[in-house]
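Q: Numbers in this note's numbering are just positions in the sequence shown, counted from 1, shifted up by 225. Before I ask anything, here is the structure I am working with.
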Amino acid sequence: GQRTGGSPTVKAPAAVRISPINNSRKGVMKKSSTSPKDGIVKRSQASNNVSTKPVKDCSGSHDPKLIEMINSLIVDRSPSVKWEDIAGLEKAKQALLEMVILPIRRRDLFTGLRKPARGLLLFGPPGTGKTLLAKAVATESQATFFNVSASSLTSKWVGEAEKLVRTLFVVAISRQPSVIFIDEIDSIMSTRTSSENEASRRLKSEFLVQFDGVMSNSGDLVIVIGATNKPNELDDAVLRRLVKRIYIPLPDATTRKQLFKNKLKGHAFSLPERELERLVRDTEGYSGSDLQALCEEAAMMPIRELGSNILSVNANQIRGLSYEDFQKAMKVIRPSLQKSKWAELERWNQEFGAN
Ligand code: ADP
């Protein structure tokens, strides 16, 4: 991915002034690409409008190389996920609207008692839409969005991770309002253990120091959103700072139905209401991504039947999907979350979640 927009203007080798982010509300929307290798979303395109955001001068001892790295972590605010693309999760959406989107868009109204929380946690089983939600928040809030995968912080920049975190916050402040999304936050912020090495201890405390910095300065609007499926492994010090904890549960029956309907759009299928309902009942315990895999598997059934005829068949002759296809697919695609883990998350939510 080519990195454009937001590359720093280097004044002197060690002193960097961060150039303003393009803050166009109508900028050309381009899809961001995720590099699976480093787990970061690269900014693929920046719009060329002039910023309206105040940008603080943060020239100082910030390494241009690190600033460049942070710029590569920046996602433009149109990662192409819209609110409507997310099935269900109404409570979570409402909470994010009140906690992040509105306070960013109407900063004047959210002061004093309405001052927004600066840290929140999305927790729940894998594949339930946490990343989708964070991306939609970026789209809706028009904030600068930093997508940081915790494991990439530790694996890729060993030794540099701590400096990188410091720079991340400097850039986030200069481009505020900002949302820093940290996926798999448990992997860098887990409970201190005796086996913990010095580097990860330093990384963790640097993060806390920086986070406290933005929390204590009421002029700064930098919101940290962590995501995890192991909330019970999080360090207490981190948990205390992520004051709002939103449970992103497995999809309930209504949501599963909606997901099936969305996924079947554009495909021929014959699923009378009664069979769709049955399918919805059968898939209790499936996550959003399990359902995606299930639909993909079911969609292959009519193709497999064709055998060698597949090369000559007309596209419109392929039969529609039926309940039986899903039933067969369910033998292959099982829910990925163990019941015990599910119960554990529910319990954690009762105790620590924002209910
Ligand atoms: P995680 O909770 O692990 O961050 P993701 O947000 O990455 O999960 O979701 C993984 C995939 O599962 C998505 O790309 C999407 O296809 C599907 N998915 C999960 N939950 C939903 C949902 N509520 N609405 C629509 N798609 C969903």
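Quick reminder that beta carbons are idealized off the backbone N, C-alpha and C, glycines included.
(1) Could you please give the first and the last residue of the uninterrupted beta strand (DSSP E) stretch that includes Gly344?
(2) Apply the 10 Å Cβ neighbour rule to Glu409 and answer buried if 16 or more other Cβ atoms are within range, or exposed otherwise.
(3) Which residues end up in the neighbourhood of ligand 1 when you take C-beta atoms closer than 5 Å to any of its heavy atoms?
(4) Whole angstroms are fine: how far does the CA of Val538 sit from the CA of Asn454?
(5) Only counting runs of 3 or more residues, tell me where the beta strand (DSSP E) segments fall wholly within the region 407–480, in order along the chain.
(6) Within a Cβ cutoff of 8 Å, which residues of the same chain sit near Pro351, ignoring the five residues on either side of it in sequence?
(7) Can you name the start and end residues of the beta strand (DSSP E) that Phe371 belongs to?
(8) Look at Phe577 and Leu504 and say whether their C-beta atoms are less than 8 Å apart.
(9) Below 6 Å CB to CB, which residues in the same chain sit around Ser403 once its five sequence neighbours on both sides are set aside?
(10) Taking only three categories from DSSP, how would you classify Ile405?
(11) Helix, strand or coil for Leu546? Go by DSSP, reduced to three states.
(12) Measure from the alpha carbon of Asn372 to the alpha carbon of each residue in Ile471, Glu502, Ile295, then state which is nearest.
(13) Quick check: what's the CA-CA separation for Arg572 versus Ile473?
(14) Skipping 5 residues on each side, what residues in its chain have a beta carbon closer than 8 Å to that of His492?
(15) I'd like the list of long-range same chain contacts for Ile543, defined as Cβ closer than 8 Å, with 5 residues on each side in sequence excluded.
(16) To the nearest angstrom, how far is it from the Cα of Lys278 to the Cα of Arg400?
(17) Within its chain, find whatever has a CB closer than 8 Å to the CB of Leu389; leave out the 5 residues flanking it on each side and keep chain order.
(18) Looking only at DSSP bridge pairs, what is Ser495 linked to?
(19) Assuming Pro527 is part of the alpha helix (DSSP H), what are its boundary residues?
(20) With a CB to CB cut of under 7 Å and the five nearest residues on each side skipped, what residues in its chain are close to Glu431?
(21) Span of the alpha helix (DSSP H) holding Arg572?
(22) Cα-Cα, which of Arg332, Pro328, Val439, Asp461 is closest to Thr416?
(23) Is it buried or exposed, Ile265, if we count other Cβ atoms within 10 angstroms and call 16 or more buried?
(24) Hey, quick one: how far does the alpha helix (DSSP H) through Ser366 stretch, first residue to last?
(25) For the alpha helix (DSSP H) that Arg323 lies in, which residues bound it at each end?
A: Short version:
(1) Following the DSSP letters along the chain, one finds Gly344 inside the beta strand (DSSP E) bounded by residues 344–348.
(2) It is buried - the Cβ of Glu409 has at least 16 other Cβ atoms within 10 Å.
(3) Residues with a Cβ closer than 5 Å to any heavy atom of ligand 1, in chain order: Ile311, Ala312, Pro351, Gly352, Thr353, Gly354, Lys355, Thr356, Leu357, Gly513, Ser514, Gln517.
(4) 45 Å
(5) 447–453, 469–472
(6) Asn454, Ser512, Ser514, Ser561, Leu562
(7) Counting along the chain, Phe371 sits inside the beta strand (DSSP E) bounded by residues 369–374.
(8) No; because the gap between Cβ atoms is not below 8 Å, this pair is not in contact.
(9) Ala368, Thr369, Ala397, Val447
(10) strand
(11) The answer is strand: DSSP assigns Leu546 an E or B state.
(12) Ile295
(13) 13 Å
(14) Same-chain partners within the cutoff: Ala524, Gly545, Leu546.
(15) Ala493, Pro527, Ile528, Leu531
(16) Reliability fails at Lys278, whose pLDDT of 42 lies under 50, so the model's placement of it is uncertain and the value that follows must be treated cautiously. If I take the Cα positions, the gap works out to 7 Å.
(17) Leu291, Met294, Ile295, Leu378, Trp382.
(18) Ser547
(19) Residues 513–530.
(20) Glu387, Val390, Arg391
(21) 564–577
(22) Asp461
(23) Any reading at Ile265 must be qualified, since the residue scores a pLDDT of 33, below 50, and its modelled position is unreliable; the value itself is stated next. Classification of Ile265: buried, given that the 10 Å Cβ count is 16 or more.
(24) 355–366
(25) Residue identity check: residue 323 is Glu in the sequence provided, not Arg. Neither: Glu323 is in no alpha helix (DSSP H) and is coded neither H nor E.
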